[in-house]
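Before any comments, here is the structure.
Number of protein chains: 2
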Amino acid sequence: MTLSPLAPDHFPDLPVIDGVRFSSGAAGVKYKDRTDVMLAELMAGTSIAGVFTRSATRSAPVLDCQAKLGADQSDRAALLVNSGNSNAFTGAAGERSVEAICDAVSDATGISTARIFTASTGVIGQRLPHEKITQKIEELVESLTCDGIEGAAKAIMTTDTFPKGASAELTIDGQTVRIAGIAKGSGMIAPDMATMLVYIFTDAKIDQAPLQALLGALTDQTFNCITVDSDTSTSDSLICAATGTSGVDVTESAGFTQALRDVMLDLAHQVVRDGEGATKFVEVRVTGAATDAEARKVGLSIANSPLVKTAIAGEDPNWGRIVMAVGKSGAQADRDRLTIRFGDIIVAENGWVSPDYTEEAGAAYMKAQDLTITVDLGIAGGMGTVWTCDLTHGYITINADYRS
Amino acid sequence: MTLSPLAPDHFPDLPVIDGVRFSSGAAGVKYKDRTDVMLAELMAGTSIAGVFTRSATRSAPVLDCQAKLGADQSDRAALLVNSGNSNAFTGAAGERSVEAICDAVSDATGISTARIFTASTGVIGQRLPHEKITQKIEELVESLTCDGIEGAAKAIMTTDTFPKGASAELTIDGQTVRIAGIAKGSGMIAPDMATMLVYIFTDAKIDQAPLQALLGALTDQTFNCITVDSDTSTSDSLICAATGTSGVDVTESAGFTQALRDVMLDLAHQVVRDGEGATKFVEVRVTGAATDAEARKVGLSIANSPLVKTAIAGEDPNWGRIVMAVGKSGAQADRDRLTIRFGDIIVAENGWVSPDYTEEAGAAYMKAQDLTITVDLGIAGGMGTVWTCDLTHGYITINADYRS
Chain A
1 MTLSPLAPDH FPDLPVIDGV RFSSGAAGVK YKDRTDVMLA ELMAGTSIAG
51 VFTRSATRSA PVLDCQAKLG ADQSDRAALL VNSGNSNAFT GAAGERSVEA
101 ICDAVSDATG ISTARIFTAS TGVIGQRLPH EKITQKIEEL VESLTCDGIE
151 GAAKAIMTTD TFPKGASAEL TIDGQTVRIA GIAKGSGMIA PDMATMLVYI
201 FTDAKIDQAP LQALLGALTD QTFNCITVDS DTSTSDSLIC AATGTSGVDV
251 TESAGFTQAL RDVMLDLAHQ VVRDGEGATK FVEVRVTGAA TDAEARKVGL
301 SIANSPLVKT AIAGEDPNWG RIVMAVGKSG AQADRDRLTI RFGDIIVAEN
351 GWVSPDYTEE AGAAYMKAQD LTITVDLGIA GGMGTVWTCD LTHGYITINA
401 DYRS
Chain B
405 MTLSPLAPDH FPDLPVIDGV RFSSGAAGVK YKDRTDVMLA ELMAGTSIAG
455 VFTRSATRSA PVLDCQAKLG ADQSDRAALL VNSGNSNAFT GAAGERSVEA
505 ICDAVSDATG ISTARIFTAS TGVIGQRLPH EKITQKIEEL VESLTCDGIE
555 GAAKAIMTTD TFPKGASAEL TIDGQTVRIA GIAKGSGMIA PDMATMLVYI
605 FTDAKIDQAP LQALLGALTD QTFNCITVDS DTSTSDSLIC AATGTSGVDV
655 TESAGFTQAL RDVMLDLAHQ VVRDGEGATK FVEVRVTGAA TDAEARKVGL
705 SIANSPLVKT AIAGEDPNWG RIVMAVGKSG AQADRDRLTI RFGDIIVAEN
755 GWVSPDYTEE AGAAYMKAQD LTITVDLGIA GGMGTVWTCD LTHGYITINA
805 DYRS
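As you go down the protein sequences, you meet chains A and B in turn.
Residues 1 to 404 in my numbering are what the first sequence spells out, letter by letter.
Residues 405 to 808 in my numbering are what the second sequence spells out, letter by letter.
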């Protein structure tokens, strides 16, 4: 897999989160010559919140995690994730695999299965050869280390071309609070979560209920605002674990909310930058809509339009397709009030191309790697932003032959 | 443009519809060395019904046609269509172009502008050079002929690789009724109509109001059940003109309804077969849904999924992606009640792959050019069928560089 041209230079230095240890290994679930399983151990008392796909065909591990949220948190906890096989649409066998993995982690760590969260990502519909994972667990437990997060980020990759990490440090009342997160995902990415797995760790102190509420609200502003191909996975999982070791209560902290949002948005953007076949990162800003919800609807209509995305791939400033996407969105719009901008360039206004716009200026703008398309609907004050990438031959190549 | 591998062998022999004459010509709106404008003249008394895009940014000709439906029909009528430029998002200039064309047709034919319907298809946002069209109108009027329908079908093509026509003849009370239709469209095709122009002519006798009702109902079962790329045009127009010259009143005729539906479905399928880059024609049948509307929602979720469409392009029997598309559709579904078939092959049932299914059988099936995917949700009796094509490198090639 060629590295995405939109990849960052290197994996970021993530702070160590006190109370969390990681390990990763090669279980050979599907891939050869790479790691494909990660374990995270969380100290006793860690609050665990989660947001999961709403797919009607969600996977066995997702259903298991959802059932376990909000359990008594006096015990330690563990996260066990494998790549290569999603254990989705695998019938009763899928549930047995989750059980077998949880039992093995519990046996090796002494952690109750009620506090063991698993996830699987990869091909749908093939039995998970969970014995390959369970026989690796002793080794994973023995190699747990507080600075193993980069290895964990690598072990959960599927068609990703780079591991994804982001962090924040903030000072509250003179004390430092740290957040470190990792993510995987590059195709089947759409709102309502994506084929995304995201794990965020913090030493902040916050109860499970407010952490869950915060995570849900921030997911709507971050991961649910990105789209690669409008497809939604059966396995999407986002877990945030707060160990509380900093001693700083962040329950009412606007600073923590902002920092967590920044980490989530950074990871979400990295997922788009690793979109299958992506060569352009595109921010679609919609303003002047009847409501925020309508703005988002228009944004997603643009960001999911194959015709808009292929035009961007071809560096073609084909703003007519943006008009089309606004028109089909179902949101309230008026041709004559619409303003479209590429970056700072006003392309269209008053129901037609802007008198100052030139095709040359538009074409020159489209050559950039990071693009901003702004649409003002001129109706009212609703606004929203979504992020996407272009649709290229690379996407077809990757997806027309993924399984063989 | 290479001919679609799914194209029919030849343009069908369409019956002459008494009371309709056609002509076509090369106005040079955008294309060189081909025809790009068609005129149809309809005898006095012809009932004209129409269904149009619901896009919020629909084009000036669409708005004009919608305003003219239901006018007094004692006069003759005319249809004037150009390809190469859609006259959409062209501000007030767009309306002036429609007016200029209608005036020119009226001057040359003596038909009132209230009975002149225009359409334009092609690039969005560029001023329509309507003077190129108006100066051709005398010539078009002079060359009107009752057997010019194939030429008309060719003149309205844009990225189409073949002209599309379909017909039916039926006998009612010993008398023959004829229907002949043409269509264009190959990209930006999605429910709520497509970048499609469809013109259907019949010598049946039926008033405008019942014809309008019939056309709307049949559009929902035909053109609104196809999707190439989920994008919806600003120009979609379907017009059905009934001259009444057969003398047969079809207002209550089930046979006529069926024949008109057959013609519409045939044209709709031809549009899919000419889908940009298409190499496979796919019928998606959904049964067992909570309601017919839910069945259609699931069908469209499958038919619009880039991951399903690229798998089909790669001849990959990746049924896991169908499970994903069912799950994300928002319709009521239950993993364990789902049955998926490729043709007659049961692929998945009872929440997992079928015990009799082999990857070899699935892969062999996927090599066919025409595919049927059946999904039974096992919930209730709702059903629906949609038609689509695969998503290939050809689609990217065509659309990443359409304007230049």
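Glycine included, every Cβ here is placed at the ideal spot set by N, Cα and C.
Quiz item: In this structure, does DSSP put A/S167 in helix, strand or coil?
Solution: Counted from its first residue, the first sequence places residue 167 of chain A at position 167. DSSP, reduced to helix, strand and coil, places A/S167 within a strand of the structure shown.
Exercise. Indicate whether the contact test is met: 3 or more Cβ pairs, each with one atom in the region 257-269 of chain A and one in the region 341-351 of chain A, closer than 8 angstroms.
Key: With the cut-off at 8 angstroms, the region 257-269 of chain A and the region 341-351 of chain A do not touch.
Quiz item: B/N803 CB to nearest chain A CB: under 7 angstroms?
Solution: The count along the second sequence starts at 1 and reaches residue 803 of chain B at position 399. Flagged as an interface residue toward chain A: B/N803, by a C-beta distance shorter than 7 angstroms.
Quiz item: In this structure, what does DSSP give as the bridge partners for A/C240?
Solution: Here residue 240 of chain A refers to the residue found at position 240 of the first sequence. In the DSSP assignment, A/C240 is bridged to A/A49, A/I200.
Exercise. Run down chain B in chain order and give the residues with a C-beta less than 7 angstroms from the C-beta of A/R58.
Key: The sequence position of residue 58 of chain A within the first sequence is 58, counting from 1. What A/R58 touches in chain B: G731.
Quiz item: How would you list, in chain order, the residues of chain A whose beta-carbon sits under 9 angstroms from the beta-carbon of B/L532?
Solution: Looking up residue 532 of chain B in the second sequence gives position 128. Going along chain A, no residue has its Cβ under 9 angstroms from B/L532, so there is no contact; the nearest lies around 12 angstroms.
Self-check item: Paired residues, beta bridge with B/G429 - DSSP
Solution: Indexing the second sequence from 1 puts residue 429 of chain B at position 25. Paired residues: B/V441.
Self-check item: Beta-ladder partner(s) of B/N491, from DSSP
Solution: One-based indexing of the second sequence puts residue 491 of chain B at position 87. Per DSSP, none; premise fails for B/N491.
Self-check item: Terminal residues of the beta strand (DSSP E) in which A/V286 lies
Solution: Counted from its first residue, the first sequence places residue 286 of chain A at position 286. Residues 281-289.
Quiz item: A/F52 to A/D236, Cα distance in whole Å?
Solution: Position 52 of the first sequence, counted from the start, is the residue given in the question as residue 52 of chain A. Position 236 of the first sequence, counted from the start, is the residue given in the question as residue 236 of chain A. Taken atom to atom, the span from the alpha-carbon of A/F52 to that of A/D236 is near 6 angstroms.
Practice problem: Report the three-state DSSP secondary structure of B/G753 (helix, strand or coil). | Solution: Numbered from its first residue, the second sequence carries residue 753 of chain B at position 349. Contrary to the premise, residue 753 of chain B reads as Glu rather than Gly in this sequence. Under the three-state reduction of DSSP output, B/E753 falls in the strand class.
Quiz item: B/T525 bridges to which residues according to DSSP?
Solution: Translated into positions along the second sequence, residue 525 of chain B becomes position 121. Partner(s): B/S487.
Quiz item: Cβ of A/G343 within 7 angstroms of Cβ of A/T385?
Solution: As a working note, residue 343 of chain A is residue 343 in the first sequence. As a working note, residue 385 of chain A is residue 385 in the first sequence. Going by C-beta atoms, A/G343 is not nearer than 7 angstroms to A/T385.
Exercise. Could you list which residues in chain A have their beta carbon closer than 8 angstroms to that of B/A717, in chain order?
Key: Residue mapping note: residue 717 of chain B aligns to position 313 of the second sequence, counting from 1. Neighbours of B/A717 in chain A, taken as residues at a C-beta separation under 8 angstroms, are given in chain order as I396, A400.
Quiz item: Would you report the Cα separation of B/Y761 and B/N708, rounded to the nearest angstrom?
Solution: The residue given as residue 761 of chain B occupies position 357 in the second sequence. The residue given as residue 708 of chain B occupies position 304 in the second sequence. Rounded to whole angstroms, the separation of the alpha carbons of B/N708 and B/Y761 is 25 angstroms.
Practice problem: Verify whether the separation of the beta carbon atoms of B/G451 and B/A729 is less than 7 angstroms. | Solution: Within the second sequence, residue 451 of chain B is the residue found at index 47, counting from 1. Within the second sequence, residue 729 of chain B is the residue found at index 325, counting from 1. Per the sequence shown, the amino acid found at residue 451 of chain B is Ser instead of Gly. At least 7 angstroms separates the beta-carbon of B/S451 from that of B/A729.
Exercise. Indicate whether at least one CB of chain A lies closer than 7 angstroms to the CB of B/S487.
Key: Within the second sequence, residue 487 of chain B is the residue found at index 83, counting from 1. Chain A has no Cβ within less than 7 angstroms of the Cβ of B/S487.
Practice problem: Run down chain A in chain order and give the residues with a C-beta less than 8 angstroms from the C-beta of B/S459. | Solution: In the second sequence, residue 459 of chain B corresponds to position 55, counting from 1. Going along chain A in sequence order, the residues near B/S459 (Cβ under 8 angstroms) are M324, G327, K328.
Self-check item: Limits of the alpha helix (DSSP H) - the one that B/I800 falls within
Solution: Position 396 of the second sequence, counted from the first residue, corresponds to residue 800 of chain B. Where B/I800 is concerned, the enclosing alpha helix (DSSP H) stretches over 797-803.
Practice problem: May I ask you to report which of helix, strand or coil DSSP gives A/M383? | Solution: Translated into positions along the first sequence, residue 383 of chain A becomes position 383. A/M383 falls in the strand class under three-state DSSP.
Quiz item: What is the rounded straight-line gap between the Cα of A/E359 and the Cα of A/P306?
Solution: Against the first sequence, residue 359 of chain A aligns to sequence position 359. Against the first sequence, residue 306 of chain A aligns to sequence position 306. Their Cα atoms are separated by approximately 22 angstroms.
Quiz prompt | Nearest-angstrom Cβ-Cβ length linking A/T279 and A/D390, presumed shorter than 8 angstroms | solution = Position 279 of the first sequence, counted from the start, is the residue given in the question as residue 279 of chain A. Position 390 of the first sequence, counted from the start, is the residue given in the question as residue 390 of chain A. Right, their Cβ atoms sit about 6 angstroms apart.
Practice problem: For A/I101, I'd like the list of residues in its chain whose CB is within less than 7 angstroms of its CB, leaving aside the five on either flank, ordered along the chain. | Solution: Here the question's residue 101 of chain A lines up with position 101 in the first sequence. Excluding sequence neighbours, A/I101 sits near L80, T118, H130, I133, T134.
Quiz prompt | Rounded distance between the beta-carbons of A/T158 and A/S407, thought under 8 angstroms | solution = The structure shown does not extend to residue 407 of chain A, since chain A spans only 1 to 404, so no value can be given for it.
Quiz item: For B/E585, which beta-bridge partners are listed by DSSP?
Solution: Start at 1 with the first residue of the second sequence, and residue 585 of chain B comes out as number 181. The question names Glu, but residue 585 of chain B is Gly in the sequence shown. For B/G585, the beta-bridge partners assigned by DSSP are B/A570, B/I604.
Quiz prompt | Euclidean distance between Cα positions of B/I448 and B/L574 | solution = Taking the second sequence and counting its residues from 1, one reaches residue 448 of chain B at position 44. Taking the second sequence and counting its residues from 1, one reaches residue 574 of chain B at position 170. Reading the sequence as shown, one finds Ala at residue 448 of chain B and not Ile. Rounded to the nearest angstrom, the two C-alpha atoms are 24 angstroms apart.
Practice problem: With hydrogens ignored, establish whether the beta-carbon of A/P355 is closer than 6 angstroms to any heavy atom of the ligand GTP. | Solution: Although the ligand GTP was asked about, the structure shown includes no ligands whatsoever.
Quiz item: How close, in whole Å, do the beta carbons of B/L668 and B/T606 come, if the pair is a contact with beta carbons under 8 angstroms?
Solution: Looking up residue 668 of chain B in the second sequence gives position 264. Looking up residue 606 of chain B in the second sequence gives position 202. Sequence check: residue 668 of chain B is Met here, not Leu. So it is not a contact: roughly 12 angstroms between Cβ atoms.
Quiz item: B/Q530 to B/G498, Cα distance in whole Å?
Solution: On the second sequence, residue 530 of chain B is found 126 positions in, with the first residue counted as 1. On the second sequence, residue 498 of chain B is found 94 positions in, with the first residue counted as 1. Spanning the two alpha carbons is a distance of roughly 9 angstroms.
Self-check item: Chain-ordered chain A contacts of B/R741 [CB-CB under 7 angstroms]
Solution: The sequence position of residue 741 of chain B within the second sequence is 337, counting from 1. In chain order: nothing, as chain A lies at least about 11 angstroms away.
Practice problem: Using a Cβ-Cβ cut-off of 7 angstroms, state whether B/T494 counts as contacting chain A. | Solution: Taking the first residue of the second sequence as 1, we reach residue 494 of chain B at position 90. Contact with chain A is found for B/T494, since one of that chain's Cβ atoms lies less than 7 angstroms from the residue's Cβ.
Exercise. Answer yes if the region 426-445 of chain B comes into contact with the region 307-314 of chain A, meaning at least three C-beta pairs across the two stretches below 8 angstroms, and no otherwise.
Key: No, the region 307-314 of chain A does not touch the region 426-445 of chain B.
Self-check item: Spatial distance of B/A557 from B/V441 (CA atoms)
Solution: Along the second sequence, read from residue 1 onward, the residue named residue 557 of chain B stands at position 153. Along the second sequence, read from residue 1 onward, the residue named residue 441 of chain B stands at position 37. Roughly 10 angstroms between the two C-alpha positions.
Quiz item: Given that a residue counts as buried once 16 or more other Cβ atoms are within 10 Å of its Cβ, and exposed if not, what is A/R34?
Solution: Looking up residue 34 of chain A in the first sequence gives position 34. Exposed, since its Cβ has fewer than 16 Cβ neighbours within 10 Å.
Exercise. Just tell me which of A/G110, A/D336, A/S59, A/S301 has its CA closest to the CA of B/D738.
Key: As a position in the second sequence, residue 738 of chain B is number 334, starting the count at 1. The candidate whose alpha carbon is nearest that of B/D738 is A/S59.
Quiz item: Does any residue of chain B bring its CB to less than 7 angstroms from the CB of A/G148?
Solution: Numbered from 1 along the first sequence, position 148 holds the residue referred to as residue 148 of chain A. Chain B has no Cβ within less than 7 angstroms of the Cβ of A/G148.
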